[in-house]
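Please read the structure below before turning to the comments.
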Amino acid sequence: MIYTNSDGGSRGNPGPGAIGVIVRDEGKILTRYSAKIGNEVTNNVAEYEALIKALELASKHTKEEVTCLLDSELLVNQLLGKYRVRNPKLLELFCKVQKLQENFKRIKYLHVSRWNKFQQMADELLNAELDRLGYKRYRKW
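Residue 1175 is where the sequence shown starts when you use the working numbering, and the numbers rise one by one after that.
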């Protein structure tokens, strides 16, 4: 089974945004990825963009089952159908996720704490990306 931990964030909300993704199997990290995704990005858009990249990267390792771990309760609840997606930009990204799901036989979405070891790695990747580009941190957890 493949697991993904993805995280997206912006400095300013909206502000410069980046994503961090970890793709792993039961025993080792297969892929680490980070990228800047824009200059005026909300945290929720960044979270969706991170999940989209996680699904794209996971599809290079399996077509079977993937478990996506996210620290965004909003995304998990939207993906599980508990919350409606009302924001037009988020709906566009939600539809991209739905299309990417077709690459797998089974997909699970689970909410995890931001303190989860692998979630912290994804967070560190996105923050390192923004630091590298010279964007000031507004707060430190």
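Glycine included, every Cβ here is placed at the ideal spot set by N, Cα and C.
If contacts are defined as beta-carbon pairs under 8 Å, then Arg1232 and Ile1176 qualify, I think. What distance do you get, rounded to the angstrom?
In the sequence shown, counting from the first residue as 1, residue 1232 sits at position 58. In the sequence shown, counting from the first residue as 1, residue 1176 sits at position 2. A small correction: the amino acid at residue 1232 is Ala; Arg does not occupy that position in the sequence shown. Contact between Ala1232 and Ile1176 holds: CB atoms are separated by about 5 Å, below the 8 Å threshold.
On a Cα-Cα basis, can you pick out the residue from Ser1180, Asn1187, Gly1194 that is closest to Ala1302?
Stepping through the sequence shown from its first residue, residue 1302 is reached at position 128. Answer by Cα proximity: Gly1194.
In this structure, how does DSSP classify Val1195 when only helix, strand and coil are distinguished?
In the sequence shown, counting from the first residue as 1, residue 1195 sits at position 21. In the structure shown, Val1195 sits in a strand (DSSP, three-state: E or B).
Nearest neighbour of Lys1202, chosen from Pro1262, His1235, Lys1279, Cys1269 [CA to CA]
What you label residue 1202 is simply residue 28 of the sequence shown in a count that begins at 1. Minimum Cα distance to Lys1202 is reached at His1235.
Residue interval of the beta strand (DSSP E) (run including Glu1239)
Locating residue 1239 in the sequence shown gives position 65, counting from the first residue. In the DSSP annotation of this structure, the continuous segment of the beta strand (DSSP E) that includes Glu1239 starts and ends at 1239-1244.
Quick one: is Arg1185 buried, meaning 16 or more other Cβ sit within 10 Å of its Cβ, or exposed?
For this step, residue 1185 is matched to residue 11 along the sequence shown. Answer is buried; the Cβ neighbour count reaches 16.
Can you tell me whether Lys1270 is helix, strand or coil according to DSSP?
Position 96 of the sequence shown, counted from the start, is the residue given in the question as residue 1270. Lys1270 falls in the helix class under three-state DSSP.
Is Leu1243 closer than 8 Å to Val1286 when the C-beta atoms are compared?
Locating residue 1286 in the sequence shown gives position 112, where the first residue counts as 1. Locating residue 1243 in the sequence shown gives position 69, where the first residue counts as 1. Cβ atoms of Val1286 and Leu1243: closer than 8 Å.
Might you give, ordered along the chain, the residues of its own chain that have their beta carbon closer than 6 Å to the beta carbon of Leu1267, omitting 5 neighbours on each side?
Residue numbering aside, residue 1267 sits at position 93 when the sequence shown is read from its first letter. Same-chain partners within the cutoff: Tyr1222.
Quick one: measure Cβ to Cβ for Phe1278 and Lys1237, integer angstroms, because I've assumed they're closer than 8 Å.
Locating residue 1278 in the sequence shown gives position 104, where the first residue counts as 1. Locating residue 1237 in the sequence shown gives position 63, where the first residue counts as 1. About 6 Å separates the beta carbons of Phe1278 and Lys1237, which is inside the 8 Å limit, making them a contact pair.
With DSSP collapsed to three states, give me the class of Val1215.
Here residue 1215 refers to the residue found at position 41 of the sequence shown. The DSSP-derived three-state label of Val1215 is strand.
Are Met1295 and Ile1211 close, meaning C-beta to C-beta below 8 Å?
Translated into the one-based positions of the sequence shown, residue 1295 becomes position 121. Translated into the one-based positions of the sequence shown, residue 1211 becomes position 37. The answer is no: Cβ separation not under 8 Å.
With a cut-off of 8 Å on the beta carbons, I'd call Phe1292 and Asn1179 a contact; round off their distance for me.
Counting from one through the sequence shown, the residue named residue 1292 turns up at place 118. Counting from one through the sequence shown, the residue named residue 1179 turns up at place 5. At roughly 4 Å, the Cβ-Cβ gap stays under 8 Å, so Phe1292 and Asn1179 are in contact.
Beta carbon proximity, Lys1263 to chain B, threshold 8 Å:
The structure shown contains no chain B; it holds only a single protein chain.
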